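Below is one structure; the comments refer to it alone.
Numbering (the working numbering), first residue to last: 493 to 836.
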């Protein structure tokens with residue numbers, strides 16, 4: 493009996509997932525961290541989050557209207573951009589700063605390149621970089637959450653984030669002859685207290701940007717995204733593993749291989765960046781080895797900036813720099829066509 497084959501046009505695989513569903517799911521995954529920001533920093537954090545989101549949505553709506561393009565605010569990408577942008581600012585910034593950052597993120601970081609799917613860099617991180625370059629004093633003016641205390645007086649000078657305190661202590665202890673004995677003793681005491689602060693870092697009872705302080709609440713959202721398979725393990729795990737390895741080798745005050753790994757992983761925006769921004773489907777590689785290299789590159793750049801740069805945190809800039817390499821990584825690691833031959 494002759495077999496009959498029916499040919500239809502693509503696509504041949506149907507999936508219930510969609511861009512809006514993924515965007516809203518990521519935003520939902522960030523809700524625990526948003527609630528934690530309001531708990532630790534007060535209602536001001538809620539106002540900053542609302543302003544950032546509304547500004548992002550309004551910017552996208554106005555630009556769509558002016559350019560006579562289809563309205564895209566319902567796809568959830570602008571909402572997510574505004575939320576992530578606000579997660580990357582201090583609770584002490586003026587209320588207008590999330591608005592400016594969101595406008596820049598949507599207009600310059602995304603819309604000018606053609607909208608969602610065409611932006612070469614993560615828009616929220618680009619907006620944060622713009623704010624940091626334009627108003628560095630506001631962006632680095634961190635204070636402890638209202639329920640916190642101080643760490644041996646060091647944070648009065650350097651700011652309250654754990655990485656700020658660590659960087660200041662390391663600089664004093666490695667050049668102790670150049671500082672008064674009182675400052676050296678303060679730095680030693682602060683270093684001891686930092687080593688015992690893992691619990692506060694995990695739960696979020698520390699100073700920092702709105703969305704980066706609670707590792708626990710961020711991991712709840714990350715677990716949800718991994719379960720739904722909206723993100724994979726390759727980028728976040730290689731990113732964190734690289735930071736852990738290099739921080740252990742170079743991050744200690746007593747020479748090589750003395751760094752406190754858990755502290756470096758839990759501090760700063762590493763968890764937020766690794767799971768929620770480095771995994772952005774538009775600006776990260778699509779191949780297996782491309783993602784591995786991307787994660788390793790982000791980790792290496794983060795440690796390099798933290799250890800050598802004047803700014804104690806390196807997550808944002810490391811992801812932005814690796815975003816620019818994404819097209820090359822996809823090209824270099826493109827799988828061989830099935831049945832094809834390898835070029836000599």
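Think of the CB as a built atom: it goes at the ideal place given N, C-alpha and C, for glycine as much as any other residue. Since we're looking at a predicted model, the values are computed, not measured.
| Check | Outcome |
| --- | --- |
| Roughly how many angstroms separate the alpha carbons of residue 795 and residue 785, rounded to a whole number? | 15 Å |
| Figure out for me which residue from 815, 521 and 699 has the closest Cα to the Cα of residue 653. | 699 |
| Using the beta-carbon count (16 or more within 10 Å), is residue 756 buried or exposed? | buried |
| Quick check: what's the CA-CA separation for residue 725 versus residue 811? | 16 Å |
| On the three-state DSSP scale, how would you describe residue 566? | helix |
| I think residue 518 touches residue 567, with their Cβ atoms under 8 Å apart; what is that distance to the nearest whole Å? | Their Cβ separation, rounded to whole angstroms, is 12 Å, which puts residue 518 and residue 567 out of contact at 8 Å. |
| Cβ of residue 508 within 6 Å of any heavy atom in the ligand MG? | The ligand MG is absent from the structure shown, which contains no ligands of any kind. |
| According to DSSP, is residue 582 part of a helix, a strand, or is it coil? | strand |
| Where do the N-terminal and C-terminal ends of the alpha helix (DSSP H) with residue 790 fall, by residue? | 780-800 |
| Here's a check: name, in chain order, each residue in its chain whose Cβ is nearer than 7 Å to the Cβ of residue 619, leaving out the five neighbours to either side. | 577, 593, 594, 596, 597 and 601 |
| Strictly by DSSP, which residues pair up with residue 701? | 582 |
| Which one of 733, 509, 747 and 701 has the shortest CA to CA distance from residue 632? | 701 |
| Residue 629: buried (16+ other C-beta within 10 angstroms of its C-beta) or exposed? | exposed |
| Are three or more beta carbon pairs between the region 604-612 and the region 770-778 nearer than 8 Å? | yes |
| Under 7 Å, do residue 544 and residue 590 count as touching if we go by C-beta distance? | yes |
| Considering just the uninterrupted stretch of the alpha helix (DSSP H) at residue 615, what are its terminal residues? | 615-626 |
| Could you have a look at residue 481 and say whether DSSP puts it in helix, strand or coil? | Residue 481 lies beyond the residue range present for the chain, which begins at 493 and ends at 836; the question has no answer from this structure. |
| Could you check where the alpha helix (DSSP H) with residue 756 kicks off and where it finishes? | 753-758 |
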